[in-house]
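Below is one structure; the comments refer to it alone.
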Amino acid sequence: MDKADNPLRMIGELLEGRARPTIHPERVAPSSVYDLQYRIAVVASAFELHSKPFAVTSRRIQSVRLKLLQFIACRPALTHMLEQWSKAQHDAQLSMDLSQRLRRGFLADQMHDDVVGFLIARGELNHSGQYLAIGHEEHMLHDLHLANVRLGLFAAEREALQTLTAVRITNAMLEGW
Amino acid sequence: MIQLEEIEVRGQSEAGPFKGVIKLSPGLQVVSARNAFGKSLAVKAIPWCLGVEPIFGIQDNDAACFPEAARDQLELPDGSTAKVYSSECSITFLSQDGSRMKLTRPIKGDSKNVLITESAADGEGRTSKLMARRDTMQDEHGGLQRFLFEILKWPRQEVTTFRGSLSQLYLENLVPTFYIDQNEGWTNVQALQISRYGQQQISEIAIEYVLGAIEAINARVLRQGSAQRSTHLRETARELAGRVEKAFLKRGWRAEWSGNGTIEDVVARWSARSLREVLKAEANVDLAATRTRLNQRIEVFRKALTSGPVDAANSSAPAGVSQRVIELKTRRHQMNVELNTLRTQYDQTSELLTSLDHRIQAATDLLRLKTTGVGRLDHVECPTCHRDLDPATFALSVQSEQSVSSHIEALKVDRDLVGRNRQSLEQSLATVRSGVNELDAEFREAERVLQTVTTAVGTIREQVAKSAGDLTAAERDLDRIDEISVEVEELQGAVAKWLDEARKSGNLPISVGDLMGRKEAFVKALRRYLIALGHSAVRNENVSLVHLDEQYVPYLGTRRLRALGSASDQSRLVAAYSLALAAASETVKGFHPGVVILDEPLQQNPDAAHKDLFLAFLSKQLARDAAFQTVIFTWLSDQEIELLRKQGTKVLTPEGHNFLQIQKPDPSVEEASEATAGETPDVAGKVETLPKDQVSESSEE
Chain A
1 MDKADNPLRM IGELLEGRAR PTIHPERVAP SSVYDLQYRI AVVASAFELH
51 SKPFAVTSRR IQSVRLKLLQ FIACRPALTH MLEQWSKAQH DAQLSMDLSQ
101 RLRRGFLADQ MHDDVVGFLI ARGELNHSGQ YLAIGHEEHM LHDLHLANVR
151 LGLFAAEREA LQTLTAVRIT NAMLEGW
Chain B
178 MIQLEEIEVR GQSEAGPFKG VIKLSPGLQV VSARNAFGKS LAVKAIPWCL
228 GVEPIFGIQD NDAACFPEAA RDQLELPDGS TAKVYSSECS ITFLSQDGSR
278 MKLTRPIKGD SKNVLITESA ADGEGRTSKL MARRDTMQDE HGGLQRFLFE
328 ILKWPRQEVT TFRGSLSQLY LENLVPTFYI DQNEGWTNVQ ALQISRYGQQ
378 QISEIAIEYV LGAIEAINAR VLRQGSAQRS THLRETAREL AGRVEKAFLK
428 RGWRAEWSGN GTIEDVVARW SARSLREVLK AEANVDLAAT RTRLNQRIEV
478 FRKALTSGPV DAANSSAPAG VSQRVIELKT RRHQMNVELN TLRTQYDQTS
528 ELLTSLDHRI QAATDLLRLK TTGVGRLDHV ECPTCHRDLD PATFALSVQS
578 EQSVSSHIEA LKVDRDLVGR NRQSLEQSLA TVRSGVNELD AEFREAERVL
628 QTVTTAVGTI REQVAKSAGD LTAAERDLDR IDEISVEVEE LQGAVAKWLD
678 EARKSGNLPI SVGDLMGRKE AFVKALRRYL IALGHSAVRN ENVSLVHLDE
728 QYVPYLGTRR LRALGSASDQ SRLVAAYSLA LAAASETVKG FHPGVVILDE
778 PLQQNPDAAH KDLFLAFLSK QLARDAAFQT VIFTWLSDQE IELLRKQGTK
828 VLTPEGHNFL QIQKPDPSVE EASEATAGET PDVAGKVETL PKDQVSESSE
878 E
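If you read the protein sequences in the order shown, they are chains A and B. Numbering-wise (this note's numbering), the first sequence opens with residue 1 and increments by one. Numbering-wise (this note's numbering), the second sequence opens with residue 178 and increments by one.
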């Protein structure tokens, strides 16, 4: 058998000392999606654009809704799929053609849960049943969103969130179905 | 060189005819008159009669550069005004051989033409009417500038434009070097230069022309032309390579024919192999061999159809044709599957690319966020116990700037990789798509043959029908190959033409003649005039550092002279530059007219120190003994006039309230005018305002 057709043999030969390893440190750098500041910035914009008035001076949002929204905002390419998913909710025929790629994926976003936990501990958000409401330092998330707008940061994420304001997200979708 | 001898403005108003005349002499002279006297009106007559009004930013034949007194309402000494019915102005030049040339152009009226009155030294003369602006340089019989260039023995000069075509050097390109306008002329050297015609490097060319460096201008034009040709060649090479690649891909051939790189690279690459050779080597397409093979097949089919033996027992024709249809159908199906796979891959790669672009943008924004500090939670404490909270407690991490930067670099590498992958997929798609199209055509052909064969009665007819079908298919293939050959030959012809053009535009022998000597003369004169005019940044100790750069911008050492000294030094620099250019042109026998007009040099900085410096310059030998004529329009006090006259500087002081004055109908004056008609003008240097009874002989120094 030709050597090229036998990758295991080829790797074996390389590991015998003929190969010179090169290190690309940029390849070990984690993605910015796993950065706390990035996630807080996205949560701030999601909360600002999608939360509803609550009580007299407060605002709140369903925690799962926030989870779904920030998940899409971090991946703007999924916006179109969410729109299709939303349209297909009441159309069994249409839902047959719909991609299954999104669905329950966002529910496994553990990092978002950690970020929310961090913001609650920091006092930025309050957990109130299935809702998240702004906490005692009520200006921090608002100011952060305004700063992002002013500096033109995370424009794609904010645009996706803005698009989602016109998309009907049902409870079934929030459960991943 | 010529001398400006007289400026005259005249016309008709409701108060009667009006007129104003200034007579000038050779050398340096100052025309001193109060503000609003009408000096600017007289000065504007010079560019107007030369037909160069575009230097003021106005339309052709628009007399808007003149004050209202010459166009609309004439101010009378008693303060009232009189409507102007018509007006015109004249300037008279005296040449070294004693001949005169008077240019007259209407101000209010039909200003499209200029009347030229020439009179030789012996008294003979002629009159001609020339177009001031229209085809002024192109019309060899009716163009004013064409006439002026010829009479001044100035060569016509072609210059390159930004559009790539050639244009002429016009008089309005030269006038800013010797005519310094009151309003804008003092803002910079050549401030009134016309650059809107699209002529390239016109300021530099104007200076070189005045210095007589025609060879240097020609070299400059050649260089510009060569640079433009190179740009054009690079563009056409890329366009041609695109056409070739498109033609190849249309037929599913993957062969590289790149137009990138320098012109030399492309010439070397395209000269090394022809298109046919590239196709043969890289796409395994030999058009000549295919053609030969098809011809042989056609010959065989034709022979079988016309004279070959037919076996009546052979019934395999329908089966063979049917088998071919099935094979083609299977192949088409496989190719369609491949096409669908490629389309999906292409869509997904595009999606991936978009996603990568987004990731890069997000990471870049995050880096900026970390750099600016917006949204950074440096100190996080528990609102209840007020102890510091570590993000790690929540399994969270804050990435460093270096980490984000590294991530961005990695993403960019990925994006390049994916981008190349998509490009490759795009080519594969084009290849497979063209293969499907060809297969479709072949399949339809085979189906038609099958239909014919199945409807034929008897084995002989079946075989004949099959042979006919095969022959038709082969002939169509041959036609297709011929079409392709023609297209390839056309492309090869375009490549050959491009190569020919590229080889011709090689290095040109360019000589700039004695430009350095002429430039050196200019620099020397500039240094002398800067010192004489009292430029505060230029002193005897550092004057040797004054030099001109390639654009003829004056520098002192490494700094632009324009940026040095006080604000009033700006007008000194402009005056020194214009006067030095005239002096240098005289030295090197250039094409300067020999007249420098400085309109209101003192108005730029009317402080006492500035004025004293200028008066000191006027009394210097350098200013007074210049071979060219210098006319300065300004206002000086009586003491200053007296001082200058004592020092030997000519000062002309026109009499009267205004330059333009109403001519009173006086029979004695009319008789005197008739008696003096045809005589030579008054003594040079006299300033005359008509009527003649008001002419002041005392205005002469």
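Even glycine gets a Cβ: it sits at the ideal position worked out from N, Cα and C.
Can you give the Cα-Cα distance for residue i and residue j, rounded to whole angstroms?
i: glycine 894 of chain B; j: asparagine 717 of chain B; result: The requested residue 894 of chain B does not occur in the structure, where chain B is confined to residues 178 to 878.
i: glutamate 163 of chain B; j: methionine 314 of chain B; result: In the structure as shown, chain B begins at 178 and stops at 878. Residue 163 of chain B is therefore absent and cannot be evaluated.
i: alanine 180 of chain A; j: alanine 46 of chain A; result: This structure leaves residue 180 of chain A out entirely; chain A is present only between 1 and 177.
i: isoleucine 199 of chain B; j: glutamine 377 of chain B; result: 38 Å
i: leucine 703 of chain B; j: asparagine 238 of chain B; result: 35 Å
i: arginine 599 of chain B; j: valine 455 of chain B; result: 24 Å
i: glutamate 361 of chain B; j: arginine 446 of chain B; result: 54 Å
i: glutamate 515 of chain B; j: aspartate 524 of chain B; result: 14 Å
i: asparagine 395 of chain B; j: serine 263 of chain B; result: 45 Å
i: glutamate 528 of chain B; j: arginine 479 of chain B; result: 54 Å
i: serine 649 of chain B; j: serine 448 of chain B; result: Position check: residue 649 of chain B holds threonine in this sequence, whereas serine was assumed. Between threonine 649 of chain B and serine 448 of chain B, the C-alpha separation is close to 39 Å.
i: leucine 343 of chain B; j: isoleucine 391 of chain B; result: 16 Å
i: glycine 833 of chain B; j: proline 254 of chain B; result: 9 Å
i: asparagine 437 of chain B; j: isoleucine 585 of chain B; result: 29 Å
i: arginine 564 of chain B; j: valine 43 of chain A; result: 24 Å
i: glycine 429 of chain B; j: valine 665 of chain B; result: 14 Å
i: valine 641 of chain B; j: tryptophan 675 of chain B; result: 51 Å
i: alanine 88 of chain A; j: glutamine 70 of chain A; result: 21 Å
i: cysteine 492 of chain B; j: arginine 638 of chain B; result: Looking at the sequence itself, residue 492 of chain B is serine, so the reference to cysteine does not match. Computed Cα separation, rounded: 10 Å.
i: leucine 741 of chain B; j: isoleucine 818 of chain B; result: 31 Å
i: leucine 153 of chain A; j: aspartate 542 of chain B; result: 5 Å
i: phenylalanine 810 of chain B; j: alanine 210 of chain B; result: 8 Å
i: alanine 800 of chain B; j: arginine 737 of chain B; result: 25 Å
i: glutamine 236 of chain B; j: serine 276 of chain B; result: 32 Å
i: proline 21 of chain A; j: arginine 431 of chain B; result: 35 Å
Between residue i and residue j, how many whole angstroms is the CB-CB distance? I'm expecting something under 8 Å.
i: glycine 197 of chain B; j: valine 186 of chain B; result: 5 Å
i: leucine 655 of chain B; j: isoleucine 475 of chain B; result: 6 Å
i: leucine 707 of chain B; j: valine 715 of chain B; result: 4 Å
i: arginine 509 of chain B; j: valine 613 of chain B; result: 7 Å
i: arginine 310 of chain B; j: glycine 228 of chain B; result: 6 Å
i: proline 778 of chain B; j: alanine 752 of chain B; result: 6 Å
i: proline 495 of chain B; j: threonine 632 of chain B; result: Actually they do not touch by this definition, with Cβ atoms about 10 Å apart.
i: isoleucine 774 of chain B; j: valine 808 of chain B; result: 5 Å
What's the call for residue i, buried or exposed, on a 16-neighbour Cβ count within 10 Å?
i: isoleucine 537 of chain B; result: buried
i: valine 663 of chain B; result: exposed
i: isoleucine 11 of chain A; result: exposed
i: glutamine 824 of chain B; result: exposed
i: proline 770 of chain B; result: buried
i: alanine 852 of chain B; result: Residue placement at alanine 852 of chain B cannot be trusted, given a pLDDT of 42 that sits under 50; what the coordinates show is reported in the next sentence. Exposed, by the Cβ-count rule.
i: leucine 412 of chain B; result: Before going on, a small fix: residue 412 of chain B reads as glutamate here, not leucine. Glutamate 412 of chain B should be labelled exposed.
i: glutamate 385 of chain B; result: buried
i: methionine 693 of chain B; result: exposed
i: lysine 330 of chain B; result: exposed
i: isoleucine 503 of chain B; result: exposed
i: proline 203 of chain B; result: buried
i: arginine 501 of chain B; result: buried
Sufficient close CB pairs (3 or more, under 8 Å) joining the stretch 530-542 of chain B to the stretch 76-93 of chain A
In short, these stretches touch, since the Cβ pair count reaches three.
Would you be able to state if there are at least three C-beta pairs under 8 Å between the stretch 32-44 of chain A and the stretch 591-606 of chain B?
The answer is no - the stretch 32-44 of chain A does not touch the stretch 591-606 of chain B, with fewer than three Cβ pairs under 8 Å.
Three or more C-beta pairs closer than 8 Å, one from the stretch 616-623 of chain B and one from the stretch 564-579 of chain B: is that the case here?
Counting Cβ pairs under 8 Å, fewer than three are found: no touch.
If you pair each beta-carbon of the stretch 421-438 of chain B with each one of the stretch 600-615 of chain B, do three or more pairs fall below 8 Å?
Three or more Cβ pairs closer than 8 Å define a contact, and the stretch 421-438 of chain B meets that threshold against the stretch 600-615 of chain B.
For the pair the stretch 105-122 of chain A and the stretch 208-219 of chain B, tell me if three or more CB-CB distances fall below 8 Å.
Using a C-beta cut-off of 8 Å, the stretch 105-122 of chain A makes no contact with the stretch 208-219 of chain B, since fewer than three inter-stretch Cβ pairs fall below that distance.
Please give me, in chain order, every unbroken run of the alpha helix (DSSP H) with length at least 4 that falls completely inside the stretch 269-349 of chain B.
Listed in chain order, they are 321-328.
Ignoring anything shorter than 4 residues, give me the alpha helix (DSSP H) runs that lie fully in the stretch 766-834 of chain B, in order along the chain.
Complete alpha helix (DSSP H) runs here, min 4: 785-795, 798-801, 815-823.
Would you list, in sequence order, the uninterrupted alpha helix (DSSP H) runs of no fewer than 4 residues that lie entirely inside the stretch 414-466 of chain B?
If we require 4 residues or more, the alpha helix (DSSP H) runs fully inside the stretch 414-466 of chain B come out as 440-449, 452-459.
Pick out the complete alpha helix (DSSP H) segments inside the stretch 372-408 of chain B, 4 residues or longer, and give them in chain order.
Correct list: 379-387.
At least three beta-carbon pairs within less than 8 Å, the stretch 664-676 of chain B to the stretch 401-418 of chain B:
Touching, yes, given that three or more Cβ pairs across the two stretches are closer than 8 Å.
Contact between the stretch 227-234 of chain B and the stretch 352-367 of chain B: three or more CB pairs below 8 Å?
Taking 8 Å as the limit for Cβ pairs, the verdict is that the stretch 352-367 of chain B does touch the stretch 227-234 of chain B.
With contact counted as at least three CB pairs below 8 Å, one residue from each stretch, are the stretch 54-61 of chain A and the stretch 160-169 of chain A in contact?
Judged by pairs of C-beta atoms under 8 Å, the stretch 54-61 of chain A does not touch the stretch 160-169 of chain A, as fewer than three such pairs exist.
Quick one: which unbroken alpha helix (DSSP H) runs of 4-plus residues sit fully inside the stretch 689-728 of chain B? Chain order, please.
The stretch 689-728 of chain B contains these whole alpha helix (DSSP H) runs: 692-710.
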